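**Q** Protein sequence lines correspond, in order, to chains A and B.
Under our numbering, residue 204 is the last one in the first sequence; the count climbs by one each step, no gaps.
Under our numbering, residue 1159 is the last one in the second sequence; the count climbs by one each step, no gaps.
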Amino acid sequence: MNWKRATVAAFVAFPVIGLLGYALTLDPKEIPSPLPGRDAPAFSLAVFAQGEGEQQRAVGDSIRVSDHRGEVVVLNFWASWCLACRDEHSTLSTVAESYARQGVKFYGVLYNDVPSNGTRWISEMGGQTYPSVQDPRTRTAIDYGLYGVPETFFIGRDGRVAYKHVGPVTAAVLARKLDSLIALRAPSTTGDSAARVTVPPGKS
Amino acid sequence: MRVSASSSAVMRSRRRRGLARALFAALALLLLGASTVRAQSQSMPVSTDPVLEARTRAVAAQLRCPVCQGNSIEDSPSELAQDMKGVVREQLASGKSPDEVKQYFIAKYGEWILLEPKATGFNLVVYALPMVMVLIGGVVVWRAVKKWTAEPAEADADT
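#1: Okay, do the region 10 to 18 of chain A and the region 137 to 144 of chain A touch, 3+ Cβ pairs below 8 Å being the bar?
#2: Between which residues of its own chain and TYR1184(B) is the CB-CB distance below 6 Å, once the five residues before and five after are set aside?
#3: Among LEU178(A), GLU54(A), ARG176(A) and ASP87(A), whose alpha-carbon lies nearest the alpha-carbon of PRO168(A)?
#4: Can you check which of these residues, GLY70(A), TYR130(A) and THR91(A), is closest to VAL161(A) by C-alpha distance?
#5: Applying a beta-carbon distance threshold of less than 8 Å, which residues of chain A neighbour TYR1109(B)?
#6: Within 8 Å (strictly less), CB to CB, does ARG137(A) reach chain B?
#7: So, are the CB atoms of PRO131(A) and GLY51(A) less than 8 Å apart?
#8: Quick check on GLU1074(B): does DSSP put it in helix, strand or coil?
#9: With DSSP run on the structure shown, which of helix, strand or coil describes SER62(A)?
#10: Hey, out of PHE106(A), VAL95(A) and GLU97(A), whose CA is closest to PHE77(A)'s CA?
#11: Three-state secondary structure (DSSP) at ASP113(A)?
#12: Pick out whichever of THR7(A), ASN2(A) and LEU19(A) has its Cα sitting closest to the Cα of LEU1129(B).
#13: Anyone know if the C-beta pair for VAL16(A) and CYS85(A) falls short of 8 Å?
#14: Do GLY145(A) and LYS1108(B) have their beta-carbon atoms positioned less than 8 Å apart in this structure?
#15: Against chain A, with Cβ distances strictly below 8 Å, would GLN1042(B) count as a contact?
#16: Does DSSP put LEU45(A) in a helix, a strand or coil?
#17: From which residue to which residue does the alpha helix (DSSP H) around HIS89(A) run?
#18: Quick check on TRP1112(B) - is its C-beta less than 8 Å from some C-beta in chain A?
#19: Pull the bridge partners of SER132(A) from the DSSP assignment, please.
#20: Here's a check: name, in chain order, each residue in its chain whose Cβ is nearer than 8 Å to the Cβ of ASP113(A), leaving out the five neighbours to either side.
#21: Does the Cβ-Cβ distance between GLU1074(B) and ALA1061(B) come in under 8 Å?
#22: Please decide whether ILE1136(B) counts as near chain A, where near means a Cβ-Cβ distance under 8 Å.
#23: For LEU174(A), collect the residues of the same chain with a Cβ closer than 6 Å to its Cβ; drop the 5 residues on either side in sequence, then sort them by chain order.
#24: Could you confirm whether any beta carbon from chain A is found closer than 8 Å to the beta carbon of MET1084(B)?
#25: Is DSSP giving GLU205(A) helix, strand or coil here?
#26: Please report the straight-line C-alpha distance between VAL72(A) and PHE154(A), rounded to a whole angstrom.
#27: Closer than 8 Å, CB to CB, is PRO1077(B) near chain A or not?
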């Protein structure tokens, strides 16, 4: 056996095999977003589904992310044609209702869909506790670097994107992220003691 | 003999011309087919300005479609890709340079959005590896050829 030749072949082959092997461990659908830590992209979108209770907003109201400075905001991009959105719907609705008392605002953003389909879907699903807005020509979705639905963005009191969740969101993820964001003080707001709320039982 | 030679020459020339015509027709059909497929896969240009459309296509061809596998937003018929192409068109029309438009998409999607990664850092592997492999292949081929051409000479020397 030619040991010299075998060593050279091994030196060439192992890094290539190693590189290919490493690539196999990655999920091509998992694309790291550059948005967390940056200011949430501004938008002004009209409400088409009003929501219920404390989260309710009138149809036609303009929702601006800048109006929520000092508040924790959850933006959930969804569509009526999206099957995975059905999985998270009841969770989002329940959590939005329970966190409304702590000042957390939830908004659904309709992606690549028409509001009539959206309202029909909401009634089919038994209602939605938070309002949904329409995003004509998906400009806001592109501004948030969206590449599919459902995707959920958590915006902190400082107006920055704190976290992006790809795929159906669970109650545990929502509670963990929201509790940590609620606990953080806003940089320029006062009276934040109310923000230090205890974790609701069974949420984390 | 001379007559038969000239007639066979005429036959050969006819055959050659026939072959050339068939090849030309096949090429024309191929080109027609390709252009039809391309026309179907693209949406109608929104702007009537051909210069803006050409610039939009040039930038869109460099941006990856987020919902496809290795397609540019120029080539993808998906709604998101077409909407992204709309953003490219709007930003170019508003006076942004192609680089500024690309920066906008990098800020939203990361460098992943570029079909051709920047030749810096770890990305250099993508550019260097094929060249290294070609170089190694060249050395292997050169050594093999040297060995093959050397063997008969050695065999001759042995006899």
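From the three backbone atoms N, C-alpha and C, an ideal C-beta is built for every residue, glycine too.
All of these numbers come straight from a predicted model, not from anything done at the bench.
**A** So, from the listed chains and residues:
#1: no
#2: Absent from the structure is residue 1184(B), since the part of chain B shown begins at 1001 and ends at 1159.
#3: ASP87(A)
#4: GLY70(A)
#5: ILE31, SER33, PRO34, GLY145 and TYR147
#6: yes
#7: yes
#8: coil
#9: strand
#10: PHE106(A)
#11: coil
#12: LEU19(A)
#13: no
#14: yes
#15: Reliability fails at GLN1042(B), whose pLDDT of 41 lies under 50, so the model's placement of it is uncertain and no value is given.
#16: strand
#17: 83 to 100
#18: yes
#19: ALA49(A) and GLY108(A)
#20: ALA79, SER80 and TRP81
#21: yes
#22: yes
#23: VAL95
#24: yes
#25: Absent from the model: residue 205(A). The displayed extent of chain A is 1 to 204, so no value can be given.
#26: 7 Å
#27: no
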